[in-house]
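Here is the structure we will look at.
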Ligand SMILES: Cc1cc2nc3c(=O)[nH]c(=O)nc-3n(C[C@H](O)[C@H](O)[C@H](O)COP(=O)(O)O)c2cc1C
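Residue numbers (our numbering): 618 to 781.
Structure below.
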């Protein structure tokens with residue numbers, strides 16, 4: 618089906634979704650992430666119910682979107698292929714975290730930016746569920762670093778227009 622081929626050519630950001638409940642912190646890679654409103658600022662993430670992260674967000678009502686930089690492809694690969702049910706991904710990778718400003722979910726010390734969200738709506742979407750979060754805090758850590766992107770399921774780097 619041509620539509621399936623076409624949809625693979627939609628560029629994706631690569632982020633880590635952080636979630637925390639009852640002392641357990643987990644991160645998973647997610648690309649189906651987008652801002653969906655200015656006023657109020659809303660961000661959505663599409664998460665399959667079988668992910669460990671799904672249960673943590675459902676119970677806590679909070680998540681953090683950490684935008685990854687182009688040099689973090691290995692972090693994305695690891696956090697997108699292992700489950701927090703089986704491995705503590707944060708310790709395994711030695712990711713440094715600190716407290717969030719407005720949510721209990723810790724944020725990453727090394728990424729492009731952390732967006733702190735409180736869930737305001739959930740919508741089923743086929744085999745995934747959309748969590749819509751209001752942006753309640755955030756930090757721009759390395760705003761000038763190139764983001765990690767995906768196109769046609771291959772990781773790559775953003776080149777701004779005019780950068781040669
Ligand atoms: C580049 C990339 C993007 C991904 N995007 C999503 C996504 O948007 N939604 C989702 O449910 N899973 C996505 N995944 C898969 C999850 O990251 C993966 O199943 C992960 O192991 C779930 O971890 P958890 O069980 O600790 O929550 C993606 C994986 C990769 C490698």
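Using N, Cα and C, we set each Cβ at its ideal position, and we do this for glycine too.
None of the values given here were measured: they were computed from a predicted structure.
Apart from the five residues just before and just after residue i, which ones in its own chain have a Cβ nearer than 7 Å to its Cβ?
{"i": "residue 700", "result": "669"}
{"i": "residue 719", "result": "733, 753, 754"}
{"i": "residue 563", "result": "Because the chain spans 618 through 781 in this model, residue 563 falls outside it and cannot be assessed."}
{"i": "residue 593", "result": "Residue 593 is absent from the structure shown; the chain starts at 618 and stops at 781."}
Give a yes or no on whether 8 Å exceeds the smallest Cβ distance from residue i to chain B.
{"i": "residue 777", "result": "The structure shown contains no chain B; it holds only a single protein chain."}
Could you check how far apart the C-beta atoms of residue i and residue j are, in whole angstroms? I think they sit under 8 Å.
{"i": "residue 664", "j": "residue 730", "result": "No, residue 664 and residue 730 are not in contact; Cβ-Cβ is about 20 Å, not under 8 Å."}
{"i": "residue 666", "j": "residue 648", "result": "Incorrect: roughly 17 Å between the Cβ atoms, too far for contact."}
{"i": "residue 622", "j": "residue 679", "result": "That pair is no contact at about 37 Å."}
Is it right to say residue i is buried, meaning 16 or more other beta carbons lie within 10 angstroms of its own, or is it exposed?
{"i": "residue 740", "result": "exposed"}
{"i": "residue 748", "result": "buried"}
{"i": "residue 626", "result": "exposed"}
{"i": "residue 694", "result": "exposed"}
{"i": "residue 618", "result": "exposed"}
{"i": "residue 624", "result": "exposed"}
{"i": "residue 653", "result": "exposed"}
{"i": "residue 712", "result": "buried"}
{"i": "residue 726", "result": "exposed"}
Please list, in chain order, all residues of the same chain as residue i whose beta carbon is under 6 Å from its beta carbon, the five residues on each side excluded.
{"i": "residue 762", "result": "686, 729"}
{"i": "residue 657", "result": "751"}
{"i": "residue 757", "result": "730"}
Here's a check: name, in chain order, each residue in its chain whose Cβ is nearer than 8 Å to the Cβ of residue i, leaving out the five neighbours to either side.
{"i": "residue 677", "result": "636, 637, 638, 721, 722"}
Would you say residue i and residue j are within 8 Å of each other, going by their C-beta atoms?
{"i": "residue 576", "j": "residue 737", "result": "There is simply no residue 576 to check, as the chain begins at 618 and stops at 781 in what is shown."}
{"i": "residue 659", "j": "residue 750", "result": "yes"}
{"i": "residue 570", "j": "residue 692", "result": "Because the chain in this structure spans residues 618 to 781, residue 570 falls outside the shown range and cannot be described."}
{"i": "residue 690", "j": "residue 766", "result": "no"}
Any heavy atom of ligand 2 closer than 7 Å to the CB of residue i?
{"i": "residue 728", "result": "Among the ligands present in this structure, namely ligand 1, ligand 2 is not found."}
At a cut of 8 Å, does the segment 675 to 684 reach the segment 634 to 645 through at least three beta carbon pairs? yes
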